[in-house]
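Numbering (this note's numbering), first residue to last: 457 to 561. Single-structure report; data block below.
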DNA sequence: CAAGTGACGTAGA
DNA sequence: GTCTACGCCACTT
């Protein structure tokens, strides 16, 4: 996989640009890339990072619609929740408070 | 070239 | 509030 600009790389770059304490949804990332219906592809792109060791991509800042974590606890969902909380992101009944950490509160 | 897959999204019941 | 069904995209084999 050494392609230069695949859709995946675009996702990585965009996610990499998410400031701390900010959270985006798959649909938003896809929309920013020009493919509002590509939420699935975005999720898949991040899925590859879970197994990667050096990525520098704050994938934990990307959650499903509504701010809910779709990741299984064993796949890193647990880590995502902890990381977000460590960045000051507040949780609302198991969901991220998009109203305070969304793209533009 | 075709089919299958997956960390989604929305709508309806 | 819960669950089901369909549609969409990009990548792999």
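Built from N, CA and C at the ideal position, the CB exists for glycine as well.
Which of the three DSSP states, helix, strand or coil, is assigned to residue 512?
By 1-based counting over the first chain, the position of residue 512 is 56. In the structure shown, residue 512 sits in coil (DSSP, three-state: anything other than H, G, I, E or B).
Go through its chain and collect everything with a Cβ distance to residue 471's Cβ below 8 Å, but skip five positions before and after it.
Residue numbering aside, residue 471 sits at position 15 when the first chain is read from its first letter. Taken in chain order, the residues that qualify are 480, 485, 502, 513, 514, 515, 517, 518.
Once DSSP output is grouped into helix, strand and coil, what is the label at residue 470?
Working through the first chain from its first residue, we reach residue 470 at position 14. Helix, per DSSP.
Taking only runs of the beta strand (DSSP E) that begin and end inside the stretch 470 to 543, which ones reach a length of at least 3 residues, in chain order?
none
Starting from residue 556 and walking both ways along the alpha helix (DSSP H), at which residues does that stretch end?
As a first step, residue 556 must be located in the first chain, where it is residue number 100. It spans 554 to 557 - the alpha helix (DSSP H) in which residue 556 sits, taken as one unbroken run.
Given a cut-off of 9 Å, decide if residue 505 and residue 468 are closer than it, judged by their beta-carbon atoms.
To locate residue 468, count along the first chain from 1; it is residue 12. To locate residue 505, count along the first chain from 1; it is residue 49. Against a cut-off of 9 Å, the Cβ pair of residue 505 and residue 468 comes out as a contact.
Residue 551 - partner residues in DSSP beta bridges:
Your numbering for residue 551 matches position 95 in the first chain. 524, 548, per the DSSP bridge assignment.
In three-state DSSP terms, what is residue 465?
Position 9 of the first chain, counted from the start, is the residue given in the question as residue 465. Three-state result, residue 465: helix.
Who are the near neighbours of residue 478 in its chain, counting only those whose CB is closer than 7 Å to its CB and skipping five residues on each side?
Position 22 of the first chain, counted from the start, is the residue given in the question as residue 478. So the list reads 517, 557, once near-sequence residues are dropped.
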